[in-house]
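**Q**
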């Protein structure tokens, strides 16, 4: 059995409180997960759950206050900036907001070649690679001379994906990559992500609040609530027949695009919430 | 809230000490010429040296400062080298004059700026263009020239107002008003230019906020929306400009006091600086610093009262 | 890959390419910038050239020239009371002014920009230290300090302006710091960090280009200020008598005003030119570099194009609301009208819940705001009618519309936090809205507000009543907004993506709430959304919008089961199937084939 590509153990992150004398608060209470080579792990949670923080910790954008992150066996929890520069070849990111993740003043070509030049590419090699990348994500070749303002949200997200692919990374952290896109564009970009994953064999840490999206792309899914990972398992199981009460609520709360089925789901949800409430009461009465 | 105020005042006093220390240290480079300045350059070198020694100006700077500070915290700022009057009294007298001018100017500036700024932002069109024009005019012409031109026009040519001199309010309110009119006009022109642009800009931003639209959707009148909601939220940045303007006016008053021969704080500082009157200079510095500290504290308090998110106490 | 490409170009209509004009070009094409800039450059050049142009030294005095009139040979602008050539002194004074401006502005910018970049980029702790230092600087009593330090500086304008520059630096610091923090928080900086870009490179490549603009603008204003201050000080007699300056010349000219007025006029004119040009240049630079700043528009004005049809008559008398052929446009920067609604039509009857569905740019939100009469001031209605209760809303005045708003037609916005007045309590806003739409007295309104808060599911109504927007959660804020909307039992509730900003579990609760409220109060609801699940949950009919038109409308069950328009079909097909799970196993690829080959 090969070692996992990414191993997170008991990760804790604490943010300082806002204001003069506010207490710091812990956002992650000891999260542990693994991702194997070529695997997509979906990380589902609502706002404030800490899902984005896990991603940022893996990328080195946030300093953990406890626990370890191991990449290919090496402890990268407190990696130096020099080491991070090397890791940039292997760990990349696609952010949620296609509008603020690309510098509006630079051309697409400049945006895509920046990470390459850092890694030692010559200008010509970089330009070649940019052409290849644009092709791979389905953008026209002349896009390199234009600026982000001239592209739609979906197209910009493709640029962001191309930027992540540039160094041929082993792991890509996808932080809600389709959440800010229109419905039709979502489907296309998601398909692009799946195709790329199949072709390149990169692993994804796919962060989202949408069970449906996660179901579509992940091999395994882990659910996070208020800083704790509550359930982990194969995608099919966790997203259709979850065992943890929180995941069950999450699943039934998502409306299904069929009026008659949605009516049924609504009734199911009411039943579930009632059942959970009774369970909580009994547990409270016993304790 | 009280502990916050006390803490701010405490920090303010510390800052004042620091400021006076730095100022004293910078001034100490000129101590060599003080005795000569008092006695006059024609005096013999021996007499100059003797006076220098007598005044204690040859001692290490930090000791001289320590002595000054020791007396200062007890309220004794010494006496002027040149006029022998106690510094505290002299400074306060002059301060009253300048404050009377500055406060009147500030009040007028605020009223005009707020009214014009709000109208410009909420009605747009002609009023907006006019307001922007007024603001621009005030910025284009140098303060100095405005003061001179007004004196020429109103006093010397038309003889409407006195060109120089100051009459205390207690002596004759009407004369007092007449004696401060031109200085106030000059300060107000400057004040309006800065403040109105700020008020207008902030108001325009506020009026385009989401919550304004939601309030409109409830059927609330336009007047209430502009003057109650938008203005209250626009007040905070405007207040900052206001406090800066107040400090600036104090400085601007300096030139005006000189042109109009008003016995104010600025000209007092100026003359004592020209002569090298160290005790007066230090007294002036302390009071100015404390003034700045108080203005900032009051601004923050008002800001906190208006804007609950900014409350730091 | 190829079919992906064709799908992409089919569906993602490319945005129209905006004409790219670099900042430099914009400055060049602004007459105000060009003229003032040219004047400044020409006049400034005269200064350093003074030794060549001036006929005399600045302090050369000659008895013949005392108070010489304009046009005296050798003294083209006259002589002053000491017999010095006015023109020569003027030219050398330009140098003094330039030095003052450059030193004052330069020092301020160097200190402020460096501190601002460091403080803005490197986090709160370093920033706090830097700001303590600047607090100290700001405590120094401004202009008075310059005076007070005269014994030290002897009034030398260079030293004085150096100190002045230090005093001005907090202003620059604040601006640079804010810009830097703004850029630091952008995701593209995070992306650069992940790519291993060094701090220096990020500062140079991403931060500086954004910082430069505001700094240049401030430089113009600072220079003007420095020259002004230095002139004022020189006027007062601060400074060496040897060094000519505008202030000194104005002072001596002022004394001689009735003898020879031109002695005063020349320096005054030149000082005025410098100041005015710098201010105007700064303004022009600001317009060119910062461009689109929000312009004020009259609150409550809704424009209607002159050629729009006059108020029509409602044809279908049975329905509550009829939107007929609504056309809306916005003026582009070049003045033409860009249409955003090209003839929208739909009806709404009592008790119905209409879902207005579409992607971004479809015009669904614009339609909703048109019904409410809450469009931005630049919007122009170019055609169509909106009938409510038999009247065409588009023909009513703002006052008449205000009576309908809040009372009969209410609004629930999308973003809960930004739609509450940050400086008023939740309760105060509710009460004000209730009084405006129902005319109730204050105590009555407060009672009603508390009842409503409880009805919408706020656990502790009294506590929430006294809280501010930033003290409650997003879900609670949305409930508060819904409470405010339904307070007057409106006939129509327009909800603009009311759950988009909320978590899915909260969304379900809010939708339940809306459904209950509708049943209880008999409201009709227009729900603007892009989420078909939400439509399926709560709507009885729907209208699909695409680029300003309704392409399909009908009963919810029918449209879902058999959509008629290809756009609707496409949208429904884009929805991820619940049974669509990833079946292929994790990719086990060897090292070599990891590369993206082509």
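Residue numbers (this note's numbering), protein chains in the order written: chain B, 266 to 552; chain P, 478 to 790; chain D, 9 to 606. No residue lacks a Cβ here, since even glycine has one placed at the ideal position from N, Cα and C. Predicted model, so just to flag it, every value in this text is computed and none were measured.
#1: In chain order, what residues of the same chain have a beta carbon less than 8 Å from the beta carbon of residue 508 of chain D, not counting five sequence neighbours either side?
#2: I want to verify the contact list: residues of chain D whose CB lies under 7 Å from the CB of residue 762 of chain P, in sequence order.
#3: Helix, strand or coil for residue 563 of chain B, going by three-state DSSP, please let me know.
#4: Are the segment 511–528 of chain P and the segment 565–576 of chain P touching, with three or more C-beta to C-beta distances below 8 Å?
#5: Apply the 10 Å Cβ neighbour rule to residue 328 of chain B and answer buried if 16 or more other Cβ atoms are within range, or exposed otherwise.
#6: What did DSSP end up calling residue 363 of chain D once you bin it into helix, strand or coil?
#7: Considering just the uninterrupted stretch of the beta strand (DSSP E) at residue 683 of chain P, what are its terminal residues?
#8: With a threshold of 8 Å between beta carbons, is residue 297 of chain D in contact with chain P?
#9: Excluding the 5 residues preceding and the 5 following residue 492 of chain B in the sequence, name in chain order all residues of the same chain whose CB lies nearer than 6 Å to its CB.
#10: Assuming contact is defined by CB atoms lying nearer than 8 Å, are residue 485 of chain P and residue 684 of chain P in contact in what I supplied?
#11: Taking Cβ positions only, does residue 667 of chain P come closer than 8 Å to chain D?
#12: State the start and end residues of the unbroken alpha helix (DSSP H) segment that holds residue 76 of chain D.
#13: What are the start and end residues of each continuous beta strand (DSSP E) run of 3 or more residues lying completely inside the segment 347–429 of chain D, in chain order?
#14: Report yes if the CB atom of residue 587 of chain P is closer than 8 Å to the CB atom of residue 726 of chain P, and no otherwise.
#15: Can you list, in chain order, the stretches of the alpha helix (DSSP H) that have 4 or more residues and sit fully within the segment 336–411 of chain B?
#16: Quick one: give me the first and last residue of the alpha helix (DSSP H) that residue 459 of chain D is part of.
#17: How long is the line joining the alpha carbons of residue 522 of chain D and residue 539 of chain B, rounded to whole angstroms?
#18: Assign residue 532 of chain P to one of three DSSP states: helix, strand, or coil.
#19: Output needed in chain order: residues of the segment 518–530 of chain B with a Cβ under 8 Å from some Cβ in chain D.
#20: Chain B beta carbons: is any one of them nearer than 8 Å to that of residue 12 of chain D?
#21: Are any of the Cβ atoms in chain P nearer than 8 Å to that of residue 196 of chain D?
#22: Can you tell me whether DSSP reads residue 553 of chain D as helix, strand or coil?
#23: Got a sec: is the Cβ-Cβ distance from residue 600 of chain P to anything in chain D below 8 Å?
#24: What I want to know is whether the C-beta of residue 184 of chain D ends up closer than 7 Å to one or more non-hydrogen atoms of the ligand ZN.
#25: For residue 602 of chain P and residue 303 of chain D, what's the separation of their Cα atoms in angstroms?
#26: Looking at the secondary structure, which residues open and close the beta strand (DSSP E) in which residue 280 of chain B lies?
#27: Near residue 321 of chain B, which residues of its chain fall below 7 Å by C-beta distance, leaving aside the five closest residues on each side in sequence?
#28: Count Cβ pairs between the segment 449–462 of chain D and the segment 412–426 of chain D that sit closer than 8 Å; are there 3 or more?
#29: Measure the C-alpha to C-alpha separation of residue 68 of chain D and residue 656 of chain P and round it to an integer number of angstroms.
#30: What do you get for residue 82 of chain D, buried or exposed, if any count of 16 or more other CB atoms within 10 angstroms of its CB means buried?
#31: State the start and end residues of the unbroken beta strand (DSSP E) segment that holds residue 431 of chain B.
#32: Based on DSSP bridge pairs, tell me the residues matched to residue 498 of chain B.
#33: For residue 446 of chain D, collect the residues of the same chain with a Cβ closer than 6 Å to its Cβ; drop the 5 residues on either side in sequence, then sort them by chain order.
#34: Please work out which residues of its chain come closer than 7 Å, Cβ to Cβ, to residue 381 of chain D, disregarding the five sequence neighbours upstream and downstream, and give them in chain order.
#35: Just list the alpha helix (DSSP H) runs in the segment 694–769 of chain P, keeping only unbroken ones of 4 residues or longer that don't cross its boundaries, in chain order.
#36: Ignore the nearest five residues each way along the sequence and tell me which others in residue 480 of chain P's own chain have a CB closer than 7 Å to its CB.
**A** Reading from the atomic positions:
#1: The sequence position of residue 508 of chain D within the third chain is 500, counting from 1. Within the same chain, residue 508 of chain D has close Cβ partners 422, 537, 538 and 539.
#2: Your numbering for residue 762 of chain P matches position 285 in the second chain. Under the 7 Å cutoff, chain D gives 149 and 156.
#3: Chain B is shown only over 266 to 552; residue 563 of chain B falls outside these bounds and no answer can be derived.
#4: no
#5: Here residue 328 of chain B refers to the residue found at position 63 when the first chain is read from its first residue. Per the 10 Å Cβ criterion, exposed.
#6: The residue given as residue 363 of chain D occupies position 355 in the third chain. It is a strand residue.
#7: In the second chain, counting from the first residue as 1, residue 683 of chain P sits at position 206. From DSSP, residue 683 of chain P is part of no beta strand (DSSP E) but of the alpha helix (DSSP H) over 650–684.
#8: By one-based count along the third chain, residue 297 of chain D stands at place 289. So, not an interface residue.
#9: Position 227 of the first chain, counted from the first residue, corresponds to residue 492 of chain B. Excluding residues within five positions, the ones whose Cβ falls inside 6 Å are 292, 293, 294 and 315.
#10: Mapped onto the second chain, residue 485 of chain P falls at position 8. Mapped onto the second chain, residue 684 of chain P falls at position 207. Cβ distance not < 8 Å, so residue 485 of chain P and residue 684 of chain P don't count as in contact.
#11: For the purposes of this step, residue 667 of chain P is taken as residue 190 along the second chain, with counting starting at 1. Answer no: the Cβ-Cβ gap between residue 667 of chain P and chain D never drops below 8 Å.
#12: Position 68 of the third chain holds residue 76 of chain D. Counting along the chain, residue 76 of chain D falls outside any alpha helix (DSSP H), and DSSP gives it neither H nor E.
#13: 361–366, 388–396 and 417–420
#14: Taking the second chain and counting its residues from 1, one reaches residue 587 of chain P at position 110. Taking the second chain and counting its residues from 1, one reaches residue 726 of chain P at position 249. No, they are not a contact pair.
#15: 346–352, 373–383 and 388–401
#16: As a first step, residue 459 of chain D must be located in the third chain, where it is residue number 451. Unbroken alpha helix (DSSP H) run through residue 459 of chain D: 450–463.
#17: Taking the first residue of the third chain as position 1, residue 522 of chain D is located at position 514. Taking the first residue of the first chain as position 1, residue 539 of chain B is located at position 274. Cα to Cα, residue 522 of chain D sits roughly 20 Å from residue 539 of chain B.
#18: Counting from 1 along the second chain, the entry for residue 532 of chain P is found at position 55. Correct three-state label for residue 532 of chain P: coil.
#19: 518, 519, 520, 521, 522, 523, 524, 525, 526 and 527
#20: The residue labelled residue 12 of chain D in the question sits at position 4 within the third chain. A caution first: residue 12 of chain D carries a pLDDT of 36, below 50, which makes its placement in the model too unreliable to give a value.
#21: Residue 196 of chain D sits at position 188 when you count from the first residue of the third chain. With 8 Å as the cut-off, residue 196 of chain D does not count as an interface residue toward chain P.
#22: The sequence position of residue 553 of chain D within the third chain is 545, counting from 1. In this structure, residue 553 of chain D counts as strand in the three-state DSSP scheme.
#23: Counted from its first residue, the second chain places residue 600 of chain P at position 123. It does: the Cβ of residue 600 of chain P has a partner Cβ on chain D nearer than 8 Å.
#24: This structure lacks the ligand ZN; in fact it carries no ligand of any kind.
#25: Taking the first residue of the second chain as 1, we reach residue 602 of chain P at position 125. Taking the first residue of the third chain as 1, we reach residue 303 of chain D at position 295. Cα to Cα, residue 602 of chain P sits roughly 10 Å from residue 303 of chain D.
#26: In the first chain, residue 280 of chain B corresponds to position 15, counting from 1. Per DSSP, residue 280 of chain B belongs to the beta strand (DSSP E) from 271–280.
#27: The residue you call residue 321 of chain B lines up with position 56 of the first chain. Closer than 7 Å at the Cβ level, and outside the excluded window around residue 321 of chain B, lie 327.
#28: no
#29: By 1-based counting over the third chain, the position of residue 68 of chain D is 60. By 1-based counting over the second chain, the position of residue 656 of chain P is 179. Cα-Cα distance, rounded: 40 Å.
#30: Looking up residue 82 of chain D in the third chain gives position 74. Result: exposed.
#31: Indexing the first chain from 1 puts residue 431 of chain B at position 166. No beta strand (DSSP E) holds residue 431 of chain B; DSSP gives it neither H nor E.
#32: The residue labelled residue 498 of chain B in the question sits at position 233 within the first chain. Answer is B:486, bridged to residue 498 of chain B.
#33: Here residue 446 of chain D refers to the residue found at position 438 when the third chain is read from its first residue. Closer than 6 Å at the Cβ level, and outside the excluded window around residue 446 of chain D, lie 496.
#34: Indexing the third chain from 1 puts residue 381 of chain D at position 373. The residues are 310, 401, 409 and 413.
#35: 708–736 and 742–752
#36: If you number the second chain from 1, residue 480 of chain P lands on position 3. The answer is none, since no qualifying residue turns up.
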